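Chains as they are written, first to last, in the working numbering: chain L, 1 to 346; chain D, 1001 to 1282; chain R, 2001 to 2283.
C-beta atoms are modelled at their ideal positions from N, C-alpha and C, and glycine is treated no differently.
Computed from a predicted structure; not experimentally measured.
Report on one structure; see the data block that follows.
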Amino acid sequence: MKVIKIDKNIWAGGIDSLRSGYRLFGPVMQGDAHEYKELTSDETPDMAYTNTRLSPKSVVFPQSEPMFTYSLDENNPEHHILKDAPKDYSPRAVIGMRPCDAKALSLVRMNFDTEEYRDPFWMNSYDATTFVGLACDSPCETCFCTSAGCGPYHEEGFDVLLSDCGDAYEAKALTEKGEKLLAAAGWTAEGDASVFEPKKAEAEAKIVCKVESSNLRGKNSLDLYDAPFWKELSFACINCGTCTYACPTCWCFDIQDENKGTEGVRMRNWDSCMTSLFTLHGSGHNPRDQKHQRFRQRFMHKLKYFVDKYDKGLMCVGCGRCVQQCPANIDIRTICNKMNGYEAAS
Amino acid sequence: MQNPYKAYPVRIDDIQVATADKTLRTFKFVFLNPEDEEKFSYHVGQFAELSIPGQGEIPIGIASSPSEKGFVMFTVFRTGKVTSHLHNMKVGDIMGLRGPLGNWYPIENLEGKNIVIIGAGFAFTTLRSTIKYLLEPENRKRYGRLDVIYGARNPGMILYKDELVEWEKRDDINLNLTVDGTDDPDWKYHTGFVPTITETQAPQGDDDTYAILCGPPMMLKFTKPVLDKLGYQADHIFMSLENRMKCGIGMCGRCNIGKELVCKDGPVFTLDKLNEMPEEDQ
Amino acid sequence: MESYIGKIKEISERLLNDGTVECVVGFRKGTVALTNEPCMITKASDVQDLVWDENCRLNLANYLTGRKEKIAVIAKGCDSRNIVNHIIENKISREQLVIIGVPCKGMVDKNNPEVLQANCATCLHRNPVIYDELCADLVEEQKEVDRYEDVRKIEAMETQDKWAFFEDLLTGCTRCYACKNACPLCYCPTCFVDESQPQWIGKGTDPIDIRTYHFLRAYHCAGRCTDCGACEAACPQNIKMRHFTKKLEKDCNELYGWEAGLTVDQRPPLDSFKVDDPDKFIM
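Written out as structure tokens, the structure is:
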């Protein structure tokens, strides 16, 4: 695939050229941290960020999203019939996305794009998006992507991967979508493909945090489920949704009807397996009534059930957000190592 | 591919109070667009989302049989926000139906076999669908012996009484009704819990005999060892489970047991399969 | 405060060894900078894991709710006041507890270890108000601190400015509920945000629902909040929701002369009635 050199003095101009053909999303400083948001016409993505607090999953999977509208007004001939909510699936692009977050979307896709069903909201947004990555030359100390099937120059899920080379970006076009975006931006100068390999090696060497997960696939699911450590590991957990909302691979959602007068919207909202309401039956019975049960579900899902179901590795990309943001210092690295090393007493 | 979250518009065609305590009602729905009935082609044991715009959705087992045309039937217990609203709706009201969802009792694979159907409480709905289907003349001849064991808390809580009375008269189905307890002197059927009645009334398990179970967790838990004792192999026992659900299509993430999603990989699992899955609640 | 740890371990080991308690609730060293992890120690040999420093922000009273065993709990001033709340509200009994008091010198800000956490900077109850053991001599309480300077600033704002201030304050809230889950007061079996019959608020990110959540939660804490700062310490978005609870704390102080969690002998003002209770705010 083609490599294009983008001189930084033509970067902002290229971004401006993209605005007419794409809705642009990128990292910008919001309060005290970087977050992804849709860029206004005078905003350019702030490429000098380490990582955003929330992942860019919201670009394809907003925290709250209308699915349908309906009328409860019986004078309306179509009352109580679901109508498609208005959607904008025109081309959009995320500029400056980290490799972990792009890989995360590829993993999440397996949930929303199945043989039997295709989630139209997630898939239409995903298909409409061109993903422009920014390789990580200065990873955070909580990053463990190289232990999670990913890495600072990982290309999976990207249409373009940028490497910051000081005065210029080297842009590797990985798909036709990516080539199209580069052309639309007016970036055409031939680049140097040879910069990627050494920079990749250098960046990977900076990721010192390692997590062991190689044994998980072979473990017996029931043994891990019944392992004695869950109560102890979950003691500090306050069962908030911080980890699930920050996580780029968490996709669980809730469906809620919201009415205003006789009009209403069927919404879907992010949900979290950490809450007791998530699994509460109508009868009052709750299979995950206890904190350690919910905690176990989260880690078993990411590190065992997903691994077994798809055989594509962990449902974790090592972005480290949950580690950094957990109010109680629950650390997925510790838990993964513990699960990986667990031998059930025979 | 059509939007799997979009419900077919339906009209409530009939509402019947189903139990003496009025906590269950049976609803018959008719599709507003006749072509939707074709698309809603279902198997016995599947469920659907009853979708009430403005209230939400609830996953409910389909109580009608695929052989019954022109309507789809559900029996619903009043418990939460959506079911309470549904119980107050009237014939003619418009709402939605989304599905059919989940897998089904694999009766197509059981031709020539004996089937024992064991149910308790509100969960008898999909079993009613199954029995109704099996008793159709063109179907009945394709199967061997048919036994049914159905228990309720008391006689007033028995669903589909009129049909049960009819079925009891037939000689091609062995119907065993039981209640946990009753002071009704005219009660002429069994008294006792389902597992106990199963032990004495169900046929012995063998290669050609299969069990289909649906009921509350306690009934399932205590019936399993009884079937084991009667010689049923774990892959000859089909159990239908329930869990809190939202999407019904395996995407929203809440109904899993281990790596299996009850809404999509289930709700029907063989006991064999269940033995490989973690027991939640622990 | 690191010097306290020797004594904390010594007391914990003794209590576990002589069977006075079944477990010790404290902190162990965190895996990331400026963070410690609440933990429960059940074996005397494990007391070596315990740590104490300026990063023990979470309120350990939160980990006592509804427990049945005999517990030793390490308690700084605010933790001890929430233990008092818990005792008053029957979330734990005094007899179950051995309180290992920590005379606190304040926690540091999770984002800037050079300064004290905001609530600690104006704290008037650094010493535990209730304890069975002490791990060090009591510290001198801060005097002449102005606890409500920030509240008065907001009170003085025009209505529109206030609205804008609160709107800005809650920007970024994802309703992860870390604030309420870190709060020892938020133990309702079903929080109002989870009620469906009736459903008090929507569950999405509509700003009205986000505000309603924060306002109502703050009111539920009125007269009970000890300003321990666990909510802000827990918030991954660094939202300063103490602006709400502090206003109510100030009102309780001014209207009823009440500070939460100082004594087990008196009910909080909002769950008791006196004929001379001020009622100007109703009229």
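R2057, L2058, N2062 and Y2063: these are the residues of the region 2056-2075 of chain R whose beta carbon lies less than 9 Å from some beta carbon of chain L, given in chain order. Under the Cβ criterion of 8 Å, E1037 (chain D) is not counted among the residues facing chain L.
Interface annotation for the region 1254-1273 of chain D against chain L: R1254, C1255, N1256, I1257, G1258, K1259, E1260 and K1264, criterion Cβ-Cβ distance under 9 Å. Using a Cβ distance threshold of 8 Å, P45 (chain L) and D101 (chain L) do not count as a contacting pair. Collapsing the DSSP output to three states places W2163 (chain R) in a helix. A Cβ-Cβ separation of about 13 Å leaves S2093 (chain R) out of contact with I2130 (chain R) under the 8 Å criterion. If you look at N269 (chain L), you'll find it in the beta strand (DSSP E) that goes E263 to W270.
A contact between stretches requires three or more CB pairs, one per stretch, nearer than 8 Å, and the region 1116-1123 of chain D meets this requirement with the region 1194-1213 of chain D. Judged by DSSP secondary structure, C2039 (chain R) falls within the beta strand (DSSP E) whose first and last residues are N2036 to I2041. Note that the C-beta distance between I2074 (chain R) and I2041 (chain R) is not below 8 Å. Between I95 (chain L) and P152 (chain L), the C-beta spacing is not below 8 Å.
With a cut-off of 8 Å on Cβ pairs, the region 1049-1064 of chain D is in contact with the region 1233-1249 of chain D, counting three or more such pairs. Of the candidates L:K103, L:L134 and L:I332, L:K103 places its Cα closest to the Cα of Y126 (chain L).
Only exposed fits L2138 (chain R), as fewer than 16 other CB atoms lie within 10 angstroms of its CB. Looking at R:I2005, R:D2132, R:T2035 and R:I2011, the one whose alpha-carbon comes closest to that of D331 (chain L) is R:T2035. Taken atom to atom, the span from the alpha-carbon of Q290 (chain L) to that of G1070 (chain D) is near 45 Å.
For L82 (chain L), there is no enclosing alpha helix (DSSP H), as DSSP gives it neither H nor E. In this structure, the alpha-carbon of C1263 (chain D) lies about 14 Å from that of H281 (chain L). Shortest Cα-Cα distance from C2231 (chain R) to any of R:T2174, R:D2168, R:C2173 and R:N2181 involves R:N2181.
Contact annotation for Q2197 (chain R) against chain D: G1080, K1081 and S1084 [CB-CB distance below 8 Å, chain order].
Taken in chain order, the complete beta strand (DSSP E) segments of 3 residues or longer contained in the region 1030-1069 of chain D are 1047-1052 and 1056-1061. For N1154 (chain D), the three-state secondary structure derived from DSSP is coil. Excluding sequence positions up to five before and after N337 (chain L), its CB lies within less than 8 Å of the CB of V211 and E212, all in the same chain and listed in chain order. Annotation for V59 (chain L): the continuous alpha helix (DSSP H) segment containing it runs K57 to V60. Counting only Cβ-Cβ distances below 7 Å, M67 (chain L) has contacts in chain D at Y1005, in chain order. In this structure, A135 (chain L) places its C-beta atom within 8 Å of the C-beta atom of P99 (chain L).
By a beta-carbon distance limit of 8 Å, A93 (chain L) contacts T129 (chain L). Their separation comes to about 7 Å. For E2133 (chain R), the three-state secondary structure derived from DSSP is strand. In terms of beta-carbon proximity, Y225 (chain L) stays away from the interface with chain R, with every pair separated by 8 Å or more. Contact annotation: the region 2080-2089 of chain R does not touch the region 2195-2205 of chain R, with fewer than three C-beta pairs closer than 8 Å. Not one beta carbon of chain D lies nearer than 8 Å to the beta carbon of N340 (chain L). R2217 (chain R) is positioned such that its CB atom lies no closer than 8 Å to that of P2268 (chain R). Judged by DSSP secondary structure, M2107 (chain R) falls outside any alpha helix (DSSP H); it is assigned neither H nor E. Distance check between D73 (chain L) and each of L:F158, L:P66 and L:L82 places L:L82 closest, using alpha-carbon atoms only. Boundaries cannot be given for C1263 (chain D), as no beta strand (DSSP E) includes it and DSSP labels it neither H nor E. Put simply, the region 1266-1282 of chain D touches the region 1227-1244 of chain D. At least three CB pairs are less than 8 Å apart.
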